[in-house]
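Read left to right, the sequence shown gives residues 4 to 532 (my numbering).
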Amino acid sequence: MSPSGEVVASISSALAVALVLLACVELGDAAAAVGVYRLIQYDLAGAPLGSRAAVLNHHAAALPLPPGADLSRSALVAPLLDLPLSFLRGNNIDKGQVKSVLAELEKLLVHEEVPYPVYFAFHDDDFDNLLADIRKIASSGQPASATTGGYKLVVSSAEPRKVSSPTISNIQGWLPGLKGEGDTEQLPTIAIVANYDTFGAAPALSVGSDSNGSGVVALLEIARLFSRLYSNPKTRGKYNLLFGLTSGGPYNYNGTSKWLRSFDQRVRESIDYAICLNSVGSWSNDLWMHVSKPPENPYIKQIFEDFSDVSKQMGVSVGIKHKKINVSNPRVAWEHEQFSRFRVTALTLSEMSSPPEFLESTGGLHDTRESTDVDSVIRTVRLVSESLARHIYGLKGRNIDVFAENSSLAINPHYIQSWLDLLSRTPRVAPFLQKNDPFIAALKKELSEHTADVHVQNDALDGMFTFYDATKATLNVYQVASVTFDLLFLLVLGSYLIVLFCFLVITTRGVDDLINIFRRPPSRKLKGA
4 MSPSGEVVAS ISSALAVALV LLACVELGDA AAAVGVYRLI QYDLAGAPLG SRAAVLNHHA
64 AALPLPPGAD LSRSALVAPL LDLPLSFLRG NNIDKGQVKS VLAELEKLLV HEEVPYPVYF
124 AFHDDDFDNL LADIRKIASS GQPASATTGG YKLVVSSAEP RKVSSPTISN IQGWLPGLKG
184 EGDTEQLPTI AIVANYDTFG AAPALSVGSD SNGSGVVALL EIARLFSRLY SNPKTRGKYN
244 LLFGLTSGGP YNYNGTSKWL RSFDQRVRES IDYAICLNSV GSWSNDLWMH VSKPPENPYI
304 KQIFEDFSDV SKQMGVSVGI KHKKINVSNP RVAWEHEQFS RFRVTALTLS EMSSPPEFLE
364 STGGLHDTRE STDVDSVIRT VRLVSESLAR HIYGLKGRNI DVFAENSSLA INPHYIQSWL
424 DLLSRTPRVA PFLQKNDPFI AALKKELSEH TADVHVQNDA LDGMFTFYDA TKATLNVYQV
484 ASVTFDLLFL LVLGSYLIVL FCFLVITTRG VDDLINIFRR PPSRKLKGA
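In structure tokens, the structure reads:
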């Protein structure tokens, strides 16, 4: 077993049956119900990973655990910061480390097989009350059980089933450039691309506000701005603009590869370069341009100079990172690498200075609306839009702001915020999105507002992944009495019935008859004598 597998095994033995993080329980007199979200269950190349069970029916336990506690038949309820993960770091977990701890927890749970049901939920004051009650019971020195009573957690769920034929949907739209009279040559194309789907420990919570909701929002705003320029023949550039919203990003950008394969070779050859937007919603001063070709390449050098000129005027920095691709290796760290495999010049703009690991930084539990800043997305839109405009209209070296504030071409912060809010409420794990999903329809509709020839391409996700359903459930919390209480109740009830019986016999038949009921009858031998 790998080191991370040993860590998961040690944690799993402590968790025993279920981990309910940040639980939010609304207690009633008899029982309460709360929506919970199951740890993802999937197979990678036939290897089972994630949570392999869904049904839960055990007594609740809480931290700190008493010495020698047996949790083999208990469900551990624990807030995030109480989890025993501090030994991984060698120090205590601070509240300021919530994001990194969540990322670490996801890494442990997602990349190993966990034979127990693991559920996540939200935290509020009612959970604190529940947790206080559980801890009060535990303080007696006797863990919750059928003998001692306490709380029982029940999740009744059907056996998880395989998701049949998961699909990925790519959405594209064009802004055609302006051809001169008698010009028969095909116009060059600039592609702006962002993947919109996510992957995380809990598929129903994987909203990916930054990775890559921020990239999607930036693309939509760039499309909106250039649609205004291209709507007027006088300001239409001599470049075609291709906008692509791709799926399958966490899975080696599988959708991007299929999308590029669907193009006619002439279309691919017409692409001057492609800009891929990835995680651009939480940077302040430094943005990174990741490329596969050497920085000395004339095309890469020109693109980088365009970005650098604009970034200096904005007071921010754009750095460049070069990473060669290995065509024989199926692992694809950045979206632009799929373009490079088709010999198309491309780059990825990201706040991340290094490529993420497989299935990481793809919209996990920590990637919420609070982690994404509208101003960061605005800076990205300004940087890309102004750089494109200078390239398309030949404005290099001229201090002209095409998308100046308070102009008709100004960036719209309200548009960016509204779409960022929507994406932050919408889980987007590709295998659980249907072809006719309302979210995909909304993206297509929005892109149709700003571009032409909008098309949705549906394709199958590569077979190395198998996903399972049952991503959401209802957790029922019951307050149960102990066996001691039941025995005492039966004793009192029995005593009451005996007293009632005696009273009825005395009042109807007399004391003598009551005594005769309990008197020993004469033996048959005496009766015969």
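For each residue, glycine too, the CB sits at the ideal point set by N, CA and C.
Is the closest heavy atom of the ligand NAP to the C-beta of leucine 111 under 6 Å? For the structure depicted, the ligand NAP is absent and the ligand set is empty, with no information on it obtainable.
With DSSP as the reference, label lysine 237 as helix, strand or coil. One-based indexing of the sequence shown puts residue 237 at position 234. It is coil, neither helix nor strand.
Taking the continuous alpha helix (DSSP H) assigned at arginine 127, which residues delimit it? Your numbering for residue 127 matches position 124 in the sequence shown. According to the sequence as given, residue 127 is aspartate; it is not arginine. No alpha helix (DSSP H) contains aspartate 127, which DSSP labels as neither H nor E.
Which residue or residues does DSSP assign as beta-bridge partners of valine 459? Taking the sequence shown and counting its residues from 1, the one referred to as residue 459 is at position 456. Its beta-bridge partners are Ile174.
Distance between beta carbons of leucine 133 and valine 480, contact taken as under 8 Å: Position 477 of the sequence shown, counted from the first residue, corresponds to residue 480. Position 130 of the sequence shown, counted from the first residue, corresponds to residue 133. Going by Cβ atoms, the distance from valine 480 to leucine 133 rounds to 7 Å, so yes, they are a contact pair.
How many angstroms separate the CA atom of tryptophan 291 from the CA atom of leucine 112? Against the sequence shown, residue 291 aligns to sequence position 288. Against the sequence shown, residue 112 aligns to sequence position 109. Rounded to whole angstroms, tryptophan 291 and leucine 112 show a C-alpha spacing of 30 Å.
Tell me the DSSP bridge mates of arginine 41? Translated into the one-based positions of the sequence shown, residue 41 becomes position 38. BP columns for arginine 41 point to Tyr122.
Whole angstroms is fine: what's the gap from phenylalanine 246's alpha carbon to glycine 252's? Mapped onto the sequence shown, residue 246 falls at position 243. Mapped onto the sequence shown, residue 252 falls at position 249. A direct Cα-Cα distance of roughly 16 Å separates phenylalanine 246 from glycine 252.
Let me check understanding here. Comparing Cα to Cα, which of Leu491, Asp465, Arg512, Lys475 lies closest to glycine 49? Translated into positions along the sequence shown, residue 49 becomes position 46. Comparing Cα-Cα distances from glycine 49 to each of Leu491, Asp465, Arg512, Lys475, the minimum goes to Asp465.
Nearest by alpha-carbon distance to leucine 181: which of Thr375, Gln175, Asn173, Leu190 is it? If you number the sequence shown from 1, residue 181 lands on position 178. The shortest Cα separation from leucine 181 among Thr375, Gln175, Asn173, Leu190 belongs to Leu190.
Spatial neighbours of histidine 339 within its chain, please: C-beta separation below 8 Å, excluding the five flanking residues on both sides. If you number the sequence shown from 1, residue 339 lands on position 336. Cβ neighbours of histidine 339 beyond the five flanking positions: Ala277, Cys279, His293, Val294, Ser295, Ala349, Leu350, Thr351.
Report the rounded CA-to-CA distance for valine 58 versus serine 159, giving the unit in angstroms. Walking along the sequence shown from the start, residue 58 turns up at place 55. Walking along the sequence shown from the start, residue 159 turns up at place 156. Straight-line Cα distance between these residues: approximately 6 Å.
Serine 54 bridges to which residues according to DSSP? Residue 54 sits at position 51 when you count from the first residue of the sequence shown. Note: serine 54 sits in a beta bridge opposite Val117.
Which ranges would you report for the alpha helix (DSSP H) in the segment 202 to 267 if only whole runs of at least 4 residues count? DSSP runs (the alpha helix (DSSP H)) wholly in the segment 202 to 267: 218 to 233, 257 to 264.
Leucine 30 in three-state terms, based on DSSP: Taking the first residue of the sequence shown as position 1, residue 30 is located at position 27. In this prediction, leucine 30 scores a pLDDT of 38, lower than 50, which makes its location untrustworthy; the coordinate-derived value is nonetheless stated afterwards. Correct three-state label for leucine 30: coil.
Taking the C-alpha atoms as reference points, what is the distance between alanine 463 and serine 314? Residue mapping note: residue 463 aligns to position 460 of the sequence shown, counting from 1. Residue mapping note: residue 314 aligns to position 311 of the sequence shown, counting from 1. Their Cα atoms are separated by approximately 40 Å.
Under a Cβ-count criterion, where at least 16 other Cβ atoms within 10 Å of its own Cβ denotes burial, should lysine 261 be classed as buried or exposed? Locating residue 261 in the sequence shown gives position 258, counting from the first residue. For lysine 261, the number of other beta carbons within 10 angstroms of its own is at least 16, and it is reported as buried.
Measuring only the C-alpha atoms, how far is alanine 204 from aspartate 267? As a position in the sequence shown, residue 204 is number 201, starting the count at 1. As a position in the sequence shown, residue 267 is number 264, starting the count at 1. The alpha-carbon atoms of alanine 204 and aspartate 267 are separated by roughly 38 Å.
Unbroken beta strand (DSSP E) run spanning isoleucine 278, endpoints: Along the sequence shown, one-based indexing puts residue 278 at 275. That run of the beta strand (DSSP E) goes 274 to 281.
Can you name the start and end residues of the beta strand (DSSP E) that lysine 448 belongs to? To locate residue 448, count along the sequence shown from 1; it is residue 445. That residue, lysine 448, is in no beta strand (DSSP E); its alpha helix (DSSP H) goes 441 to 453.
Distance check for aspartate 127 and isoleucine 140, CA to CA, integer angstroms please. Residue numbering aside, residue 140 sits at position 137 when the sequence shown is read from its first letter. Residue numbering aside, residue 127 sits at position 124 when the sequence shown is read from its first letter. Cα-Cα distance, rounded: 21 Å.
Residue closest to aspartate 312, alpha-carbon to alpha-carbon, out of Ser379, Ser388, Arg372: Within the sequence shown, numbered from 1, the residue matching residue 312 stands at position 309. Nearest C-alpha to aspartate 312: Ser388.
How about tyrosine 471 and proline 206: are their beta carbons less than 7 Å apart? As a working note, residue 471 is residue 468 in the sequence shown. As a working note, residue 206 is residue 203 in the sequence shown. Taking 7 Å as the Cβ cut-off, tyrosine 471 and proline 206 do not qualify as a contacting pair.
Around the Cβ of serine 167, are there at least 16 other Cβ atoms within 10 angstroms (buried) or fewer (exposed)? As a working mapping, residue 167 is identified with position 164 in the sequence shown. Exposed is the label assigned to serine 167, since fewer than 16 other Cβ atoms lie within 10 Å of its Cβ.
Which residue marks the beginning of the alpha helix (DSSP H) containing histidine 417, and which one marks its end? Working through the sequence shown from its first residue, we reach residue 417 at position 414. Run containing histidine 417: 416 to 426, per the alpha helix (DSSP H) assignment.
Using a Cβ-Cβ cutoff of less than 8 Å, which residues in the same chain neighbour threonine 375 once the five nearest sequence positions on both sides are dropped? Indexing the sequence shown from 1 puts residue 375 at position 372. Here the set comprises Ser212, Asp213, Gly216, Ser217, Gly284, Ser285, Leu423, Ser427.
If distances are taken between C-alpha atoms only, which option among Asn519, Ser77, Ile171 comes closest to asparagine 439? Here residue 439 is taken as the residue at index 436 of the sequence shown, counted from 1. The residue with the shortest Cα to Cα distance from asparagine 439 is Ile171.
Please name the residue, chosen from Leu47, Thr469, Lys448, that lies closest to phenylalanine 435 on a Cα-to-Cα basis. The residue given as residue 435 occupies position 432 in the sequence shown. Sorting Leu47, Thr469, Lys448 by C-alpha distance to the C-alpha of phenylalanine 435 places Thr469 at the top.
Can you grab the Cα-Cα spacing for the pair lysine 110 / glutamate 363, in whole Å? Here residue 110 refers to the residue found at position 107 when the sequence shown is read from its first residue. Here residue 363 refers to the residue found at position 360 when the sequence shown is read from its first residue. Distance between the alpha carbons of lysine 110 and glutamate 363: 7 Å.
Cβ-Cβ separation, leucine 450 to isoleucine 174 (assumed contact under 8 Å), whole Å: For this step, residue 174 is matched to residue 171 along the sequence shown. For this step, residue 450 is matched to residue 447 along the sequence shown. The Cβ separation is near 6 Å, so the contact holds.
Bridge-paired residues (DSSP) for lysine 475: Mapped onto the sequence shown, residue 475 falls at position 472. According to DSSP, which records beta bridges pairwise, lysine 475 is partnered with Tyr40.
Alpha carbon to alpha carbon, how far is asparagine 461 from alanine 392? Give it in angstroms, no decimals. Here residue 392 refers to the residue found at position 389 when the sequence shown is read from its first residue. Here residue 461 refers to the residue found at position 458 when the sequence shown is read from its first residue. C-alpha separation (whole angstroms): 32 Å.
Once you ignore the five residues that flank isoleucine 274 on each side, which residues in its own chain have a CB closer than 6 Å to its CB? Within the sequence shown, numbered from 1, the residue matching residue 274 stands at position 271. Taking isoleucine 274 as the centre and dropping the five residues before and after it, the same chain places the C-beta of Thr192, Ala194, Val347 closer than 6 Å to its C-beta, in chain order.
Quick check: is the beta carbon of glutamine 268 nearer than 7 Å to any beta carbon in chain D? Note that chain D does not occur in the displayed structure, where there is just one protein chain.
Between the Cα of arginine 385 and those of Gly400, Asp370, Val405, Leu232, spot the shortest distance and give me the residue it belongs to. Walking along the sequence shown from the start, residue 385 turns up at place 382. Nearest of Gly400, Asp370, Val405, Leu232 to arginine 385, Cα basis: Val405.
Write down the C-beta distance between glutamate 116 and leucine 52 rounded to the nearest angstrom, noting that I regard them as a contact closer than 8 Å. Stepping through the sequence shown from its first residue, residue 116 is reached at position 113. Stepping through the sequence shown from its first residue, residue 52 is reached at position 49. Rounded to the nearest angstrom, the Cβ distance from glutamate 116 to leucine 52 is 6 Å, consistent with a contact under 8 Å.
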